[in-house]
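Just below is one structure, and these are the notes that go with it.
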Amino acid sequence: MKILHKRRGILLACIWLLCMSLFSGCTNETAPPTDQPVTLWILTEMSNGMNAQANNVIAMFEETHQNVHIDLEILPTDAEERAVRLERLRTEIMSGKGPDGYLLPTDYRAMDSLFSDVTQSMYNGVFSDISSFLKHEDKDFLLGINQSVMEAGAINGKQYVLPLRYDLPMVYADSDALQIHGVDLESARVTISDLLEIACESESDIIAACSNPSTHNILSLFNPAYNYKSGTFELDQNAIANYLESYSIIISRSQNVVIPSSGSISKFISNGEALGAEAPLKISTLSRLMDYTAIAKTQQTKLQVLPLCSENGDLVANITYYAAVGASCEHPELVYNFLREFLNEENQWEHNRKSTEFPGLVEEGWPVRDQGAAENLWPVYRLQHRNIYDDEEMQSERKQAILALELNANDFGFTNAQIDQARFPSRNESVYFRESLIQVTNPTFAGNYQASAEELIQKFQRAFAEG
Amino acid sequence: MKLSKKKATEGLVLAALLLLGCLLFYAIPFVLVFLKSVTKGIGNTQEFAGTDHYEAMFENEIFVRAFGNTMKFLVVALPLIILVAFIVALILKEQARKHQWLKSVILLPYVMPVVGTVLIIDHLFTATGLVNEGLYALGLPVADWLNSEWAFIVVVLLYLWKNTGYAVILLLSGLTTIPEELYDAASIDGASKFHRLRYITLPQMWYSFFFATVFSLINAFKCFREIFLIGGTYPHNSIYMLQHFINNSFEKMSYPKLAVASILLLIVIVTVFAVFYRLVLRKEDYKG
Chain A
1 MKILHKRRGI LLACIWLLCM SLFSGCTNET APPTDQPVTL WILTEMSNGM
51 NAQANNVIAM FEETHQNVHI DLEILPTDAE ERAVRLERLR TEIMSGKGPD
101 GYLLPTDYRA MDSLFSDVTQ SMYNGVFSDI SSFLKHEDKD FLLGINQSVM
151 EAGAINGKQY VLPLRYDLPM VYADSDALQI HGVDLESARV TISDLLEIAC
201 ESESDIIAAC SNPSTHNILS LFNPAYNYKS GTFELDQNAI ANYLESYSII
251 ISRSQNVVIP SSGSISKFIS NGEALGAEAP LKISTLSRLM DYTAIAKTQQ
301 TKLQVLPLCS ENGDLVANIT YYAAVGASCE HPELVYNFLR EFLNEENQWE
351 HNRKSTEFPG LVEEGWPVRD QGAAENLWPV YRLQHRNIYD DEEMQSERKQ
401 AILALELNAN DFGFTNAQID QARFPSRNES VYFRESLIQV TNPTFAGNYQ
451 ASAEELIQKF QRAFAEG
Chain B
1 MKLSKKKATE GLVLAALLLL GCLLFYAIPF VLVFLKSVTK GIGNTQEFAG
51 TDHYEAMFEN EIFVRAFGNT MKFLVVALPL IILVAFIVAL ILKEQARKHQ
101 WLKSVILLPY VMPVVGTVLI IDHLFTATGL VNEGLYALGL PVADWLNSEW
151 AFIVVVLLYL WKNTGYAVIL LLSGLTTIPE ELYDAASIDG ASKFHRLRYI
201 TLPQMWYSFF FATVFSLINA FKCFREIFLI GGTYPHNSIY MLQHFINNSF
251 EKMSYPKLAV ASILLLIVIV TVFAVFYRLV LRKEDYKG
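If you're matching them up, the sequences are chains A and B in order.
The first sequence begins at 1 in the working numbering and counts up by one.
The second sequence begins at 1 in the working numbering and counts up by one.
Laid out in structure tokens, this is it:
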């Protein structure tokens, strides 16, 4: 203490220096005036469809905002480069210097994502609140956008994320072919447990094989795993164990059954694959609605389109693509004005899409502006298949039939069914679930489904507790 | 001895660079981490959260498990390493004069690259590793060493194997400073080996024990690299450490959680070492 007393001056100088260093980070920096040139840093992933759309929007936006330049950074796809870049980005975001905006998919090619759990990132304050901008939005602009899906990007009444695309688990079935196999899907909705029960009890191995619901958004078929508000974990272990057991039975019965993919216009044109006696039903997604509808109409078969609901009967949408304003953005309104362009009809319904290299919806997701989406997307969608290979024999008839096919709202069997909730699938969920599915179908598996379910839940609990 | 003002100033100037480094890379980041632990949000969304994060952390089962595992590892491994290192140091004190190369050999595991260490663990303790093969050959039951409760024992053994050499060197240097005359005098007075150990060696080794413990603690945290390479991001529950929790929280950008975890760990370590240091000071007080 004597030494401290004698060196009081030096001690005070050190404390002063420390405080100055700290307070320098606390200055209330005001955003520079908007008449000065502004560069907005937007982060996105490599994507044929979305990158082209983004470039179009950037060109239009920079033309209308002369002093604004958009710097679109695409994350690397090489695993090592990506790991380094993501670590740096996370450090920058932590220090308050992250990107101004994000245009990202929720699950990118099974690679490590910047935000592995978007909902948790919202709770962690990584995104800016854009509620005030949405409140002043033109009501006509918001008309036609699915509000249930938009709610996924809001917490406690504040909007943080703009969902741009989503998907729903769906069952597509050829009614007549189903009856041949002794199955009748009567209700307007079918739950995952109904379907698994039908599959396990059916005498037909084809029905069992077709009922394999190992989609990567499998957790939307259960009650929500996490209650982010209360911070509790709510997934039911018994439901998981029952599912794993049913899945194991289905897989064992599917060993010697080859099911044609029957889910895309491309395969229909090149191989004639379609729903029928060999594949009477298929579990797929809403983004395949136009494919199944067009093929059924061309074949003049009766298509049944049913949303696949979760255990408790809820229809749960999974957000596949989203936009958000970064928490450290100095021009949040400007970034919001840029990102909102992805919600307009032109971009949602791909009116400006020119490329036919990769037929399919942008990011394989259904537009969140879903009122009238199918009939407005169809003219663009069918043209994407004009370059699909055919050998000018039978295939050319199929191709011509598709290209000439007109579809209107009445042709689509699914018309904006009420979505009960929408969520951002977490990448960890799909990885852990896939590991469990592989485990229970391994020949060395001992058959303890409860233990597998418990292990899976522990992994989820850890991932949730750390986020 | 009083220092003149000039000499004191000279000393401070020489130490200024080091002090600046400590300030920039330790003191300021520490304060920033503390601020992160009492705020929520980032940038424009940042707001004061008080003790909310700390309260939530004590209710977080996974954090409690990670913290418990880390404390369990330290409570088991630290005393063990000091004990083993001390025994080895006592033996080496007699032999080192005849075999100087022993000191180098004992440090080899410490300087071995992490990847090499992990490869050895892999070869020994995987399901088809040498240990299981040996047990099977002897008709004994095999175990899943790295994916069961046994993983904790493997990690402790790994830590002891890798870091005992370093602790031995620290303790050996303390042993060699004890004057031989004291032992000679004690021998003449009829003191046994145990008496010489208890009344001459141990009382003069407290500072050495303290430093060996500090460095062993630092090495214990470095052990995370091997555990991470063996068990991955999510190893078996028995070796899920606080560093895993902090690492994974960083990847999920849950900065308050990792800040709180770091602060709580620091509080525990500083408290334990403060108590230990006071004990050492009291033990050394007899020297006047």
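Glycine is no exception: its CB is placed at the ideal position from the N, C-alpha and C atoms.
- The Cβ atoms of V325 of chain A and I145 of chain A do not sit closer than 9 Å to each other.
- In this structure, G41 of chain B sits near G125 of chain A, with a CB-CB distance shorter than 9 Å.
- H244 of chain B sits in a helix when the DSSP states are folded into three classes.
- Straight-line measurement puts the Cα of Y243 of chain A at about 8 Å from the Cα of S193 of chain A.
- The three-state reading of DSSP puts V305 of chain A in strand, counting E and B together.
- Contact annotation: I259 of chain A and I295 of chain A have beta-carbon atoms that are not nearer than 9 Å.
- CA-to-CA, the gap between L178 of chain A and D184 of chain A works out to about 7 Å.
- Below the 8 Å Cβ cutoff, chain B contributes no neighbours of V440 of chain A, its closest Cβ being approximately 17 Å away.
- Within chain B, no residue has its CB atom less than 7 Å from the CB of I457 of chain A, the nearest being about 12 Å off.
- In the displayed model, R109 of chain A falls within coil according to three-state DSSP, outside both helix and strand.
- Among the residues of the stretch 17 to 42 of chain B, those with a Cβ less than 7 Å away from any Cβ of chain A are L23, A27, I28, V31, K40, G41 and I42, in the order of the chain.
- Judged by DSSP secondary structure, H69 of chain A falls within the beta strand (DSSP E) whose first and last residues are V68 to I74.
- Nearest to F222 of chain A by alpha-carbon distance, out of A:C329, A:L103 and A:N318, is A:N318.
- Within chain B, the C-beta atoms nearer than 9 Å to that of Q120 of chain A come from K252, M253 and S254, in chain order.
- Beta-bridge pairing by DSSP links T39 of chain B to B:F48.
- Taking 8 Å as the Cβ-Cβ cut-off, the stretch 238 to 252 of chain B approaches chain A at Y240, F245, N248, S249, F250, E251 and K252, given in chain order.
- Secondary structure within the stretch 147 to 190 of chain A: the alpha helix (DSSP H) runs of 4 or more consecutive residues, fully enclosed, are 147 to 150 and 175 to 180 (chain order).
- Here DSSP, grouped into helix, strand and coil, assigns P367 of chain A to strand.
- When DSSP states are grouped into helix, strand and coil, Y255 of chain B belongs to the helix group.
- Interface flag for F63 of chain B against chain A is set, since a Cβ pair is found closer than 9 Å.
- Here C223 of chain B is buried. Its C-beta has 16 or more other C-beta atoms within 10 Å.
- At least 9 Å separates the CB of A85 of chain B from every CB of chain A.
- Assignment of F141 of chain A by DSSP, reduced to helix, strand and coil, places it in the helix class.
- A Cβ-Cβ distance of about 5 Å is found for the pair S113 of chain A and R427 of chain A, placing them in contact under the 8 Å criterion.
- Taking 9 Å as the cut-off, the beta carbon of G360 of chain A is found closer than this to the beta carbon of S287 of chain A.
- Judged by DSSP in its simplified three-state form, S264 of chain A adopts coil rather than helix or strand.
- Taking CB atoms only, K257 of chain B has a neighbour in chain A less than 9 Å away.
- Counting only residues of its own chain and dropping the five nearest sequence neighbours on each side, A274 of chain A has a CB closer than 6 Å to the CB of S262, F268, I295 and Q299.
- Spanning the alpha carbons of I240 of chain A and D420 of chain A requires a straight line of approximately 21 Å.
- For T119 of chain A, the enclosing alpha helix (DSSP H) starts and ends at V118 to Y123.
- The residue among B:V33, B:K98, B:V13 and B:M57 with its C-alpha nearest the C-alpha of T232 of chain A is B:M57.
- Along the stretch 230 to 262 of chain A, the positions whose C-beta sits under 8 Å from a C-beta of chain B are G231, read in chain order.
- Ranked by Cα distance from L162 of chain A, the options A:F424, A:R462 and A:E454 are led by A:F424.
- The beta-carbon of N448 of chain A is placed no less than 9 Å from the nearest beta-carbon of chain B.
- Close partners of N60 of chain B in chain A (Cβ separation under 8 Å): A465.
- Here R386 of chain A carries a coil assignment [DSSP, helix/strand/coil].
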